[in-house]
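K.L.:
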Amino acid sequence: MTPRERWEALEEEFLSPWAAKAARSRGRLRPEAECPLRTCFQRDRDRIIHSKAFRRLKHKTQVFLAPTGDHYRTRLTHTLEVAQIARTMARALRLNEDLTEAIALGHDLGHTPFGHAGEEVLNELMPGGFRHYEQSLRVVDCLEKEGRGLNLTHEVRDGILKHSKGLGPILSPEDDPPLTLEAQVVRLADLIAYVNHDLDDALRAGIIRERDIPKDCLQILGHRHAARINTVVQDTVQETLAAGDGRLHLSERVLRALSELREFLFERVYRAREVRREFEKARRVLIDLFEYYLRQESVWEKEMPCYEEGIYKERMVCDFIAGMTDRYALYLYEKLFLPRPYPITLTGADRGD
């Protein structure tokens with residue numbers, strides 16, 4: 001047996017009946033020979049980590065645009081926190097940690113520069129709208145590796161596509177749940193991570209004070225960042241094991257507190273005047289870049305090679321802008337729209353000598 005086959009046999013023996021098994025994966029868009037060392041989900045995780053889109057997450061906004069402090073979250077640190085929380089739950093539930101980690105690391109690859117401000121802009125400008133989770137799938141399917149994509153497994157692709165919630169149900173919806181329990185775990189871990197670390201960052205930034213946070217949420221979930229995460233993770237594991245039906249569960253008490261805390265963040269942080277003021281500046285940057293590149297066909301044909309037959313130019317420009325980091329978008333804006341001093345060497349007469 002190869003190392004991969006031995007590991008697949010261990011998965012069959014040790015993992016929960018509800019866990020996804022690598023040997024039973026639904027496969028890839030394009031069939032490939034198996035690796036002798038790594039399972040298909042391990043390979044997906046590695047492909048995501050080594051992708052250019054993953055590296056760009058370190059310079060993409062989570063909530064606060066271009067923060068001067070070193071301790072504010074970026075889209076990359078958010079992704080790592082999601083992966084850590086998700087793996088903790090997956091191990092406790094005897095789920096497939098490799099699949100869980102792959103979904104977690106890939107779930108935000110399609111996020112725009114300037115966080116949800118960028119997503120709002122592209123949603124307005126794109127025919128048919130723009131949703132970051134669909135763009136994340138597009139990144140791994142079409143845009144990475146010069147248009148060849150990463151050719152991930154069906155299970156990872158499904159988890160990436162179905163991770164987002166907005167203000168919708170915290171637990172997976174009944175009508176279109178993720179394919180695997182591992183994907184349900186990542187979906188919840190994403191919310192656990194951002195609710196807690198965005199609260200932490202908002203306190204650091206002075207947007208809110210601890211006395212502003214609903215007291216019943218703190219009493220139920222905990223007064224500290226680590227305590228709140230621990231409360232929700234332990235509650236999820238206990239309630240899910242007790243139910244034993246292949247779906248994630250939370251106690252009503254914890255679910256209600258988590259939902260209330262999320263609503264508080266949307267109202268007092270994401271829609272806060274200080275945050276929205278910077279978002280409006282970011283909107284102007286992305287609108288101007290989008291309109292500029294739509295008019296510059298010779299530029300976008302060079303910068304954005306057509307990866308798909310018959311793709312329309314709005315789609316190409318959207319792919320280009322959605323992939324930018326905050327600082328690259330600001331660099332292009334300055335280069336294209338802001339005047340620069342002309343490098344003229346003044347003569348003595350010009351200087352008034």
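Sequential numbering of the sequence shown, starting at 1, is according to full-length UniProt numbering.
We put the CB at the ideal spot given by N, CA and C, even for glycine.
Because the structure is a prediction, the values reported are computed rather than measured.
Spatial neighbours of PHE337 within its chain, please: CB distance less than 7 Å, with the 5 preceding and 5 following residues excluded, ordered by chain position.
P.N.:
Position 337 of the sequence shown, counting from 1, holds the residue named residue 337. Result list for PHE337: ASP288, in chain order.
K.L.:
Measure the CB-CB distance between PHE41 and THR153 and report whether it falls below 8 Å.
P.N.:
If you number the sequence shown from 1, residue 41 lands on position 41. If you number the sequence shown from 1, residue 153 lands on position 153. Cβ distance < 8 Å, so PHE41 and THR153 count as in contact.
K.L.:
Please look up how many angstroms separate the CB atoms of THR39 and ASP98, rounded, as I've assumed it's under 8 Å.
P.N.:
For the purposes of this step, residue 39 is taken as the residue at position 39 of the sequence shown. For the purposes of this step, residue 98 is taken as the residue at position 98 of the sequence shown. Between ASP98 and THR39 the Cβ distance is about 6 Å, and since that is below 8 Å, they are a contact.
K.L.:
Looking only at its chain, what residues have a beta carbon closer than 7 Å to the beta carbon of LEU332, apart from the 5 residues adjacent to it on each side?
P.N.:
For the purposes of this step, residue 332 is identified with residue 332 of the sequence shown, where counting begins at 1. Same-chain partners within the cutoff: LEU289.
K.L.:
Under the three-state reduction of DSSP, which class applies to ARG276: helix, strand or coil?
P.N.:
Here residue 276 is taken as the residue at index 276 of the sequence shown, counted from 1. ARG276: helix per DSSP, three-state reduction.
K.L.:
At which residues does the alpha helix (DSSP H) containing HIS132 begin and terminate?
P.N.:
What you label residue 132 is simply residue 132 of the sequence shown in a count that begins at 1. Start and end: 132 to 138.
K.L.:
Could you check how far apart the C-beta atoms of LEU143 and ASP319 are, in whole angstroms? I think they sit under 8 Å.
P.N.:
Here residue 143 is taken as the residue at index 143 of the sequence shown, counted from 1. Here residue 319 is taken as the residue at index 319 of the sequence shown, counted from 1. Correct: roughly 6 Å between the Cβ atoms.
K.L.:
So does the segment 170 to 182 actually touch the segment 64 to 83, counting three or more Cβ pairs closer than 8 Å?
P.N.:
The segment 170 to 182 is not in contact with the segment 64 to 83.
K.L.:
Could you give the DSSP three-state label for THR74: helix, strand or coil?
P.N.:
For this step, residue 74 is matched to residue 74 along the sequence shown. In the structure shown, THR74 sits in a strand (DSSP, three-state: E or B).
K.L.:
Quick one: using the 10 Å Cβ neighbour count with 16 as the cut-off for buried, is LYS281 buried or exposed?
P.N.:
The residue labelled residue 281 in the question sits at position 281 within the sequence shown. Flag for LYS281 reads exposed.
K.L.:
Assign ARG26 to one of three DSSP states: helix, strand, or coil.
P.N.:
For this step, residue 26 is matched to residue 26 along the sequence shown. Coil at ARG26, not helix or strand.
K.L.:
With a threshold of 7 Å on Cβ separation, who are the neighbours of GLU274 within its own chain once the five nearest residues in sequence on each side are excluded?
P.N.:
Taking the first residue of the sequence shown as 1, we reach residue 274 at position 274. Around GLU274: ILE207.
K.L.:
Indicate whether ALA23 and GLU12 have their beta-carbon atoms separated by less than 8 Å.
P.N.:
Locating residue 23 in the sequence shown gives position 23, counting from the first residue. Locating residue 12 in the sequence shown gives position 12, counting from the first residue. Yes; because the gap between Cβ atoms is below 8 Å, this pair is in contact.
K.L.:
Quick one: what's got a C-beta closer than 6 Å to residue 383's C-beta in the same chain, skipping five residues either side?
P.N.:
The structure shown does not extend to residue 383, since the chain spans only 1 to 353, so no value can be given for it.
K.L.:
Kindly list the residues whose CB is nearer than 7 Å to the CB of GLU239, restricted to its own chain and excluding five residues on each side of it in sequence; keep chain order.
P.N.:
For this step, residue 239 is matched to residue 239 along the sequence shown. Closer than 7 Å at Cβ, skipping near neighbours: HIS249, LEU250, SER251.
K.L.:
For ARG277, count neighbouring C-beta atoms within 10 Å of its own C-beta (all shown protein chains included) and say buried if the count is 16 or more, exposed if not.
P.N.:
Numbered from its first residue, the sequence shown carries residue 277 at position 277. The residue in question, ARG277, is exposed, as its Cβ has fewer than 16 Cβ neighbours within 10 Å.
K.L.:
Applying the 10 Å Cβ sphere with the 16-neighbour rule, what's the burial state of VAL285?
P.N.:
Here residue 285 corresponds to residue number 285 of the sequence shown, with the count starting at 1. Buried, by the Cβ-count rule.
K.L.:
Can you tell me whether HIS50 is buried or exposed, with buried defined as 16 or more other CB within 10 angstroms of its CB?
P.N.:
Here residue 50 corresponds to residue number 50 of the sequence shown, with the count starting at 1. Exposed is the call here.
K.L.:
Just mark VAL299 as buried or exposed, buried being the case when its beta carbon has 16 or more other beta carbons within 10 Å.
P.N.:
In the sequence shown, the residue the question calls residue 299 occupies position 299. It counts as exposed.
K.L.:
What would DSSP say about THR100, mapped onto helix, strand or coil?
P.N.:
Within the sequence shown, residue 100 is the residue found at index 100, counting from 1. In this structure, THR100 counts as helix in the three-state DSSP scheme.
K.L.:
Among residues of its own chain, excluding the 5 on either side of GLN184, which ones have a beta-carbon nearer than 6 Å to its beta-carbon?
P.N.:
Position 184 of the sequence shown holds residue 184. Correct list, in chain order: SER172, PRO178, LEU248.
K.L.:
Spatial neighbours of PRO193 within its chain, please: CB distance less than 7 Å, with the 5 preceding and 5 following residues excluded, ordered by chain position.
P.N.:
For the purposes of this step, residue 193 is taken as residue 193 along the sequence shown, with counting starting at 1. In the sequence under discussion, the amino acid at residue 193 is Ala, which differs from the Pro named in the question. HIS78, GLU81, VAL82, ILE85.
K.L.:
Curious, which full-length alpha helix (DSSP H) runs of at least 4 residues does the segment 177 to 228 contain?
P.N.:
Complete alpha helix (DSSP H) runs here, min 4: 181 to 205, 215 to 221.
K.L.:
Rounded to the nearest angstrom, what separates PRO339 and LEU167 at their Cα positions?
P.N.:
Translated into positions along the sequence shown, residue 339 becomes position 339. Translated into positions along the sequence shown, residue 167 becomes position 167. Computed Cα separation, rounded: 42 Å.
K.L.:
Closest to GLU5 by C-alpha separation, out of GLU34, THR231, GLU101, would be which residue?
P.N.:
Working through the sequence shown from its first residue, we reach residue 5 at position 5. For GLU5, the nearest C-alpha among the options comes from GLU34.
K.L.:
Would you check if there are 3 or more beta carbon pairs closer than 8 Å linking the segment 254 to 264 to the segment 212 to 224?
P.N.:
Touching, per the Cβ criterion.
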